[in-house]
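Colleague: First, the structure itself, so that you have it in front of you.
Numbering (my numbering), first residue to last: 23 to 78.
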């Protein structure tokens with residue numbers, strides 16, 4: 023994955039960038055819709071995993 027996308031993924035994970043801003047980056051052509059989905063999906067999967075492990 024591109025360095026930009028990995029950086030955005032970290033920023034999104036730590037709450038420094040919003041889904042709306044990611045949508046703007048797609049509109050501007052800086053990232054693709056697939057890359058945006060990758061950023062959001064990875065973050066969502068992490069939250070689900072942590073919640074599951076804490077519940078055990």
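Where a beta carbon is used, it is the ideal one built from N, C-alpha and C, also for glycine.
Using a Cβ-Cβ cutoff of less than 8 Å, which residues in the same chain neighbour residue 62 once the five nearest sequence positions on both sides are dropped?
Modeller: Excluding sequence neighbours, residue 62 sits near 34, 41, 44.
Colleague: Return the Cβ separation of residue 27 and residue 57 in integer angstroms, given the expectation that the two are a contact with Cβ distance under 8 Å.
Modeller: Yes, they are in contact, since the Cβ atoms of residue 27 and residue 57 sit about 5 Å apart, within 8 Å.
Colleague: Just to confirm before moving on: does the CB-CB distance between residue 53 and residue 30 stay below 8 Å?
Modeller: Cβ atoms of residue 53 and residue 30: closer than 8 Å.
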